[in-house]
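Below you'll find the structure, written out as structure tokens, and then a few comments.
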Amino acid sequence: MRMNHVRNALQLLGFAIILGILGCQAIPKVHDHFNRNSPLETVRFFRYCVDAGEYRLAYESLTAETQKQVSELQFNGLVRFVDVPELDGLGLRDLIVKSKVDPVPEHLGPGTGSWWVTLIWESADQYIEYSLRLVPLQGSDIAENPQWRLDLLNPRGLDFGGSGP
Numbered sequence: 002m003r004m005n006h007v008r009n010a011l012q013l014l015g016f017a018i019i020l021g022i023l024g025c026q027a028i029p030k031v032h033d034h035f036n037r038n039s040p041l042e043t044v045r046f047f048r049y050c051v052d053a054g055e056y057r058l059a060y061e062s063l064t065a066e067t068q069k070q071v072s073e074l075q076f077n078g079l080v081r082f083v084d085v086p087e088l089d090g091l092g093l094r095d096l097i098v099k100s101k102v103d104p105v106p107e108h109l110g111p112g113t114g115s116w117w118v119t120l121i122w123e124s125a126d127q128y129i130e131y132s133l134r135l136v137p138l139q140g141s142d143i144a145e146n147p148q149w150r151l152d153l154l155n156p157r158g159l160d161f162g163g164s165g166p
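Residue numbers for the sequence shown follow my numbering, beginning at 2 and rising by one.
Here it is, written out as structure tokens:
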């Protein structure tokens, strides 16, 4: 009888160790898979950060102007807790993460340096395209080492509380 308890305890310990090894895998580091060297990659970087709960990195992907208007704490709250009533209460986080990304960015026009990256959210009864404006990071050399940032204050097609350009 005592041997059965010991055997069961050892099996349970072995199972716990295996579960611990397999179940404690870390979320892949965002910088290992994404960068911000193009408008499209910046949106992918941002979406991955939001999906993985890396809100600080997502916030760092925003333009300085957006960061002046929206604090990091406000951003975290918006992404985590705000629902979009026009989309049947879909959470802002889900809207960002579950939308499909159009792989072809659209240039805003000569002299702007800015691009639109369009995201598409659809459900059984709705189809919505909205675009995020991306601008080059001030001081980054677009030819040599481009860095891009998201302007969440001026989306196109969906009003996040800002006004369109």
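Ideal placement from N, C-alpha and C gives every residue a C-beta, glycine not left out.
Cβ-based burial, residue i [other Cβ within 10 Å; buried from 16]
{"i": "F47", "result": "buried"}
{"i": "A59", "result": "buried"}
{"i": "R37", "result": "buried"}
{"i": "S62", "result": "buried"}
{"i": "V105", "result": "exposed"}
{"i": "T113", "result": "exposed"}
{"i": "R134", "result": "buried"}
{"i": "L151", "result": "buried"}
{"i": "Y56", "result": "buried"}
Extent of the continuous beta strand (DSSP E) to which residue i belongs
{"i": "N155", "result": "W149 to R157"}
{"i": "R134", "result": "Y128 to P137"}
As assigned by DSSP and simplified to three states, the class of residue i
{"i": "L23", "result": "Residue confidence for L23 is low, a pLDDT of 48 falling below 50, so the modelled location carries little weight and cannot support an answer."}
Limits of the alpha helix (DSSP H) - the one that residue i falls within
{"i": "R94", "result": "L93 to K99"}
Spatially closest choice to residue i from the options, by CA coordinates
{"i": "L153", "options": "E42, E55 and V71", "result": "V71"}
{"i": "G92", "options": "W122, S100 and V80", "result": "V80"}
{"i": "E123", "options": "T64, A65, L96 and G78", "result": "L96"}
Inset, instruction - Note down, one range per segment and in chain order, each beta strand (DSSP E) of at least 3 residues found wholly within the segment 49–113. - result: Annotation: the segment 49–113 contains no complete segment of the beta strand (DSSP E) (minimum length 3 residues).
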